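Peer 1:
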Amino acid sequence: MSHVHYVFLATFIAGEMARLSTGQTISILANKHEYRELCKILALERIGITLQDLSSPPSEDINLVMDINMSLSNPSWQDMFVKDKSKGELHANSADAKQKGEDYDGQWAAWLEARKRIEKAKQTTAFKGLNLDDLKDYQKQKLRRHVQAVAEQVATAAGNFVPADSEEGKLTSDAVTQTLREAAYSDKKATERDVKTQQAFGSAMTNQARENDCTTNTGGTAGNSVLATEACLCLKPKGGTDVKGACAMTLDGSWTWQNSHAAPTVDDIRKLSKYCNGGTTAQQHGQLLRAAIDNIAASVIKGDADAYLGAFQATNCNGQNNRGVCVELKAGAKDADGGLIKLTWYATLNTLAECLIRREAAEKSNNIATKKFKK
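Residue 1 in the numbering used here is what sits at position 2 of the sequence shown, and the numbering runs on without skipping anything.
(1) By DSSP, does Cys-325 sit in helix, in strand, or in coil?
(2) So, Ala-182 versus Val-64, is the Cβ gap smaller than 8 Å?
(3) For a test of the three-state rule: what should DSSP assign to Trp-256, helix, strand or coil?
(4) So, with DSSP's three-state summary, where would you put Gly-222?
(5) Is Ala-247 helix, strand or coil by DSSP?
(6) Roughly how many angstroms lie between the CA atoms of Ala-327 and Cys-213, to the nearest whole one?
(7) Spatial neighbours of Asn-315 within its chain, please: C-beta separation below 7 Å, excluding the five flanking residues on both sides.
(8) Excluding five sequence neighbours on each side, which residues of the same chain lie with their C-beta closer than 6 Å to the C-beta of Thr-21?
(9) Would you call the CB atoms of Gln-271 and Cys-233 closer than 8 Å?
(10) Restricting to Cα atoms, I'd like to know which of Asp-193, Gln-177 and Thr-347 is closest to Ile-292.
(11) For Cys-246, I'd like the list of residues in its chain whose CB is within less than 7 Å of its CB, leaving aside the five on either flank, ordered along the chain.
(12) Tell me which same chain residues have a C-beta within less than 6 Å of the C-beta of Ala-156, skipping the five on either side of it?
(13) Kindly indicate which residue of Val-265, Gln-140 and Asp-52 has the alpha-carbon position closest to the one of Asp-173.
(14) For Lys-119, count the other beta carbons within 10 Å of its own beta carbon; 16 or more makes it buried, fewer makes it exposed. Which is it?
(15) Just list the alpha helix (DSSP H) runs in the stretch 60-145, keeping only unbroken ones of 4 residues or longer that don't cross its boundaries, in chain order.
(16) If we count the other Cβ atoms within 10 Å of its Cβ and call it buried at 16 or more, is Tyr-307 buried or exposed?
(17) Can you round the beta-carbon distance between Ala-262 and Thr-205 to whole angstroms, since I take them to be within the 8 Å contact cut?
(18) Are Asn-365 and Thr-24 close, meaning C-beta to C-beta below 8 Å?
(19) Do Asn-216 and Glu-36 have their C-beta atoms closer together than 8 Å?
(20) How should Gly-47 be labelled, buried or exposed, when 16 other C-beta atoms within 10 angstroms of its C-beta is the threshold for buried?
(21) Going straight from the alpha carbon of Lys-169 to that of Ala-42, what length do you get?
(22) On a CA-only basis, which of Gly-318, Gly-201, Asn-276 and Gln-282 is nearest Trp-344? Give me that one, please.
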């Protein structure tokens, strides 16, 4: 370690020890963790989420496997479906075929269609090309067990396929984008480049002091958007004992926000989003969002009655380092989530995260099933 680094580290540690021993004020980077997690949400809005279409199962591939399996099965099995060979009549269900004791009801319809398709007049081109009719009985017997195992795997995969008309399939990329923007900026059409202070807070910011905005109490606006919450946790107040670099030195803002006469500037608000860094693109979006929300919830500090997101010292969240650079979660101490559910964006993203996780699980399941069909 160089002498310069040693001196810096020693000075930093000494300062921190002095601060902790007196326990008086909120220090630099006090809200770094909270800002990082909130940033992951804003970064998701920035990069966007494109959902993969939930395609229908490849029915031709599935049918071909079932047809092969039926063709190679024992003649007695194939005859089980035949009601009157001379008339070309087949049994409509297992009861009609006098198979009441067998658990065939759920699969009979699919088997019956396969039995119909192996008749010469109804064979597909792909099936005809296999020339299965030319196989000797002993050759069919050797293939039978292997093909039956494959057919069972395909049937299971088809049963696990999530269709496009399911609840998971109804979720669209546009709906996700709009939900993320509404949570991030309180406006479905806003972006980090053009969002305004009034949009983020849902108010003109001309009617009350900072501590009355940074609360979930009546009239509070901090929960209106992720960006409004970030402003309460990061921006330096005007006057009093200010906190420098609560989230980062570049995010202090222009030192204006204290009350209705000195609201956060548009530039201050936009920088909070502009400087955000997100999670890894390799991570599933639903899981990333779920993790960010859970980490934010884990950051809540409960008091006797209220709870707080961000650094809190005493009295309220007015931005000063002897009070709080935070969001007051009114009466949150009694709630399991610390009162975070009272933040509008938190409730919205909780629902979105669960929908995305189910959708991404459906995409994965369908991809695995499709690969099995193609083997």
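Don't be surprised by glycine CBs; every beta carbon is placed ideally from N, CA and C.
Bear in mind the structure is a predicted one, so any value in this text is a computation, not a measurement.
Peer 2: Let's see:
(1) For the purposes of this step, residue 325 is taken as the residue at position 326 of the sequence shown. Three-state DSSP puts Cys-325 in a strand.
(2) Taking the first residue of the sequence shown as position 1, residue 182 is located at position 183. Taking the first residue of the sequence shown as position 1, residue 64 is located at position 65. No; because the gap between Cβ atoms is not below 8 Å, this pair is not in contact.
(3) Start at 1 with the first residue of the sequence shown, and residue 256 comes out as number 257. Strand at Trp-256.
(4) On the sequence shown, position 223 is the one that residue 222 refers to. DSSP places Gly-222 in helix when its eight states are reduced to three.
(5) Along the sequence shown, one-based indexing puts residue 247 at 248. In the structure shown, the three-state DSSP call for Ala-247 is coil.
(6) Here the question's residue 327 lines up with position 328 in the sequence shown. Here the question's residue 213 lines up with position 214 in the sequence shown. Residue 327 is actually Glu in this sequence, not Ala. For Glu-327 and Cys-213, the distance between alpha carbons rounds to 6 Å.
(7) Here residue 315 refers to the residue found at position 316 when the sequence shown is read from its first residue. Cβ neighbours of Asn-315 beyond the five flanking positions: Glu-210, Arg-322, Gly-323 and Glu-327.
(8) In the sequence shown, counting from the first residue as 1, residue 21 sits at position 22. Unreliable placement is indicated for Thr-21, whose pLDDT of 41 sits below 50; no coordinate value is reported for it.
(9) Within the sequence shown, the letter at position 272 stands for residue 271. Within the sequence shown, the letter at position 234 stands for residue 233. It should be noted that the sequence gives Leu, not Gln, for residue 271. Yes, they are a contact pair.
(10) Walking along the sequence shown from the start, residue 292 turns up at place 293. That would be Thr-347, whose Cα lies nearest to the Cα of Ile-292.
(11) Reading the sequence shown from its first residue, position 247 is the one you call residue 246. Once the five neighbours on either side are set aside, the close Cβ partners of Cys-246 are Asn-30, Lys-31, Tyr-34, Leu-232 and Cys-233.
(12) In the sequence shown, residue 156 corresponds to position 157, counting from 1. Correct list, in chain order: Ala-368 and Lys-371.
(13) Taking the first residue of the sequence shown as position 1, residue 173 is located at position 174. Distances from the CA of Asp-173 to each of Val-265, Gln-140 and Asp-52 were compared; the closest alpha carbon is that of Asp-52.
(14) On the sequence shown, residue 119 is found 120 positions in, with the first residue counted as 1. Flag for Lys-119 reads exposed.
(15) 74-78, 104-116 and 124-127
(16) The sequence position of residue 307 within the sequence shown is 308, counting from 1. Counting the other Cβ atoms within 10 Å of the Cβ of Tyr-307 gives 16 or more, which makes it buried.
(17) The count along the sequence shown starts at 1 and reaches residue 262 at position 263. The count along the sequence shown starts at 1 and reaches residue 205 at position 206. Confirmed, Cβ separation roughly 7 Å.
(18) By one-based count along the sequence shown, residue 365 stands at place 366. By one-based count along the sequence shown, residue 24 stands at place 25. No. Outside cutoff.
(19) By 1-based counting over the sequence shown, the position of residue 216 is 217. By 1-based counting over the sequence shown, the position of residue 36 is 37. The answer is no: Cβ separation not under 8 Å.
(20) Counted from its first residue, the sequence shown places residue 47 at position 48. Classification for Gly-47: exposed.
(21) Mapped onto the sequence shown, residue 169 falls at position 170. Mapped onto the sequence shown, residue 42 falls at position 43. If you draw a straight line from the Cα of Lys-169 to the Cα of Ala-42, it is about 24 Å long.
(22) On the sequence shown, residue 344 is found 345 positions in, with the first residue counted as 1. When only C-alpha atoms are compared, the closest one is Gly-201.
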